[in-house]
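Okay, so here's the structure we're looking at.
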Amino acid sequence: RPKLSGPKLLCQIKENVEVQTLTSDLQPFSSLPWASQLPMSQLTSDLGPYRSCAVVSSAGSLRYSGLGKEIDSHDAVLRFNAAPTTDFEKDVGSKTTIRLINSQVMASDDHRFLSSSLYSSGALVAWDPAPFSADLSQWYNRTDYPIFTQYQRYRRLHPMQPFYILHPRFEWQIWQRIQDNMAEPIQRNPPSSGLLGTILMMSLCEVVHVYEFLPSRRKTELCHYYQRFYDAACTLGAYHPLLYEKNLVKRMNQGSDHDIYTHGRVTLPGFRQLNC
Ligand code: NCC
């Protein structure tokens, strides 16, 4: 399979991947008693467009990066899961426009998802590793973690906060792009939140800066900037096809290798800016 150039790869993703979220009128949800808790419109019609955006990976290499000011200077900032800003402002900033969370975070007791103020800024976007078919009824009856019960509980407690659930089609459309651009077969597990969030922001922003997804010279086995836990698999991947995701992002990068080395920074165009 010939390797696509950066611009071709960007266009291929733009044409084959669409951010879709669950809405209250979508079957089979529309016939459930709690359907009205789902948003009436798509995330992409409610949020943005933004000019300049930041995607902040949770990597340990953000520790002592001093990137906080730069991150906060963007119009919108996306963060992941339980990644905090309090006490880490110097390195990761304090602005949160969107928080992308996996269903494991919503369900586990340690993250106190329903009560912690960590989740209260910006819009929430949740996702769950759905079956590859992306069949909604099949998924609804057997989610990886109880995403829907936790969603309903959270919505009752925080009815004013925008909260979307990604359509599983989105994760598998991205997975397909990874697979189609790799010579060997990759594991049939969904991409990490990191790549989902990056492509989500490419759909909302003119330009997207991703921090420490491709590790800088600060590269470390420290898993997260906010936890004293060491595991190289956090950066290289195990369950998620993370190394392949990073390879793809490296090919799409429009910034310099020096930016990666010093700032862990990748620069990607928003899809609307591309002339495909
Ligand atoms: O670790 P996690 O991801 O929350 O990190 C968010 C995204 O940042 C990128 N990352 C993180 C650490 C690192 N050293 N290098 C990185 O590049 C990745 O792109 C990652 O997606 C997830 O993707 O949702 C994940 O969630 C955690 C965990 O569920 C949450 O942190 C809540 O505790 C997963 N860890 C485990 O299941 C143990 C992780 O595999 C993926």
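Taking our numbering, the leading residue of the sequence shown gets 16, the next gets one more, and so forth.
Virtual Cβ for every residue (Gly too), placed ideally from N, Cα, C.
Which of helix, strand or coil does DSSP assign to Phe178? What you label residue 178 is simply residue 163 of the sequence shown in a count that begins at 1. Residue state, collapsed to three classes: strand.
DSSP three-state assignment for Asn204, whether helix, strand or coil: Here residue 204 refers to the residue found at position 189 when the sequence shown is read from its first residue. It is coil, neither helix nor strand.
Could you check whether the Cβ of Thr250 sits closer than 7 Å to any heavy atom belonging to ligand 1? Locating residue 250 in the sequence shown gives position 235, where the first residue counts as 1. Yes, Cβ of Thr250 sits closer than 7 Å to a heavy atom of ligand 1.
Note down, one range per segment and in chain order, each alpha helix (DSSP H) of at least 4 residues found wholly within the region 246-280. 248-251, 257-267 and 272-278
Closest to Ser80 by C-alpha separation, out of Gln167, Val264, Thr282 and Gly108, would be which residue? Here residue 80 refers to the residue found at position 65 of the sequence shown. Closest option to Ser80, Cα to Cα, is Gly108.
Thr277 to Trp154, Cα distance in whole Å? Position 262 of the sequence shown, counted from the first residue, corresponds to residue 277. Position 139 of the sequence shown, counted from the first residue, corresponds to residue 154. Rounded to whole angstroms, Thr277 to Trp154 spans 42 Å at the Cα level.
Which full runs of the beta strand (DSSP E) of 3+ residues lie inside the region 82-112, going along the chain? 91-95
Just list the residues that DSSP pairs Cys220 with in beta bridges. For the purposes of this step, residue 220 is taken as the residue at position 205 of the sequence shown. Bridge partners of Cys220: Tyr65.
Taking its Cβ as the centre, do 16 or more other Cβ atoms sit within 10 Å of Thr111, making it buried, or is it exposed? The residue you call residue 111 lines up with position 96 of the sequence shown. That one is buried.
For ligand 1, I want to know if Cys68 counts as a neighbour, meaning its beta carbon is within less than 7 Å of at least one of the ligand's heavy atoms. For the purposes of this step, residue 68 is identified with residue 53 of the sequence shown, where counting begins at 1. Outside the cutoff, so no.
Cβ pair Ser67, Val222 closer than 8 Å: Residue 67 sits at position 52 when you count from the first residue of the sequence shown. Residue 222 sits at position 207 when you count from the first residue of the sequence shown. Contact flag set, yes.
Quick one: is the Cβ of Tyr254 within less than 7 Å of any heavy atom of ligand 3? Ligands in the displayed structure: ligand 1; ligand 3 is not one of them.
Three-state secondary structure (DSSP) at Ala138? Against the sequence shown, residue 138 aligns to sequence position 123. In the structure shown, Ala138 sits in a strand (DSSP, three-state: E or B).
Per DSSP, which one or two residues make a beta bridge with Pro284? In the sequence shown, the residue the question calls residue 284 occupies position 269. Beta-bridge pairing links Pro284 to Val222.
Nearest-angstrom beta carbon gap, Ala138 and Ile113 [assumed within contact, 8 Å]: Numbered from 1 along the sequence shown, position 98 holds the residue referred to as residue 113. Numbered from 1 along the sequence shown, position 123 holds the residue referred to as residue 138. Rounded, the Cβ-Cβ distance is 5 Å, consistent with contact.
Do you know how far the Cα of Pro48 is from the Cα of Asn262? Taking the first residue of the sequence shown as position 1, residue 262 is located at position 247. Taking the first residue of the sequence shown as position 1, residue 48 is located at position 33. One C-alpha to the other measures close to 43 Å.
Starting from Cys26, trace the alpha helix (DSSP H) in both directions and tell me its first and last residue. In the sequence shown, residue 26 corresponds to position 11, counting from 1. Gly21 to Asn31 is the span of the alpha helix (DSSP H), which, as asked, contains Cys26.
Beta-carbon spacing of Gln119, Tyr160 below 8 Å: As a first step, residue 119 is located in the sequence shown; it is residue number 104 there, counting from the start. As a first step, residue 160 is located in the sequence shown; it is residue number 145 there, counting from the start. Going by C-beta atoms, Gln119 is nearer than 8 Å to Tyr160.
Mapping the DSSP letters down to three states, classify Thr36 as helix, strand or coil. By one-based count along the sequence shown, residue 36 stands at place 21. Three-state DSSP puts Thr36 in a strand.
Whose C-alpha, out of Leu19, Asp143 and Arg168, is nearest the C-alpha of Arg157? Indexing the sequence shown from 1 puts residue 157 at position 142. Comparing Cα positions, the closest option is Asp143.
Identified DSSP bridge partners for Arg114: Here residue 114 refers to the residue found at position 99 of the sequence shown. Its beta-bridge partners are Arg94 and Leu139.
Could you round the C-beta distance between Asn117 and Ser208 to whole angstroms and report it? I think they count as a contact, below 8 Å. Taking the sequence shown and counting its residues from 1, the one referred to as residue 117 is at position 102. Taking the sequence shown and counting its residues from 1, the one referred to as residue 208 is at position 193. With 8 Å as the limit, Asn117 and Ser208 qualify as a contact, their Cβ atoms being about 6 Å apart.
Mapping DSSP to helix, strand and coil, what is Ala74? Within the sequence shown, numbered from 1, the residue matching residue 74 stands at position 59. Reduced to three states, the DSSP call for Ala74 is strand.
Using CA coordinates, which residue listed in Leu37, Lys23 and Gln165 is at the minimum distance from Asn31? Counted from its first residue, the sequence shown places residue 31 at position 16. It is Lys23.
Does any heavy atom of ligand 1 sit closer than 7 Å to the C-beta of Ser73? Reading the sequence shown from its first residue, position 58 is the one you call residue 73. Flag set: Cβ of Ser73 near ligand 1.
Name the DSSP bridge partner or partners of Leu237? The residue labelled residue 237 in the question sits at position 222 within the sequence shown. The partner list for Leu237 (beta bridge, DSSP) reads Tyr245.
Flag this pair as touching only if the region 84-98 and the region 55-74 have three or more C-beta atom pairs under 8 Å; answer yes or no. yes
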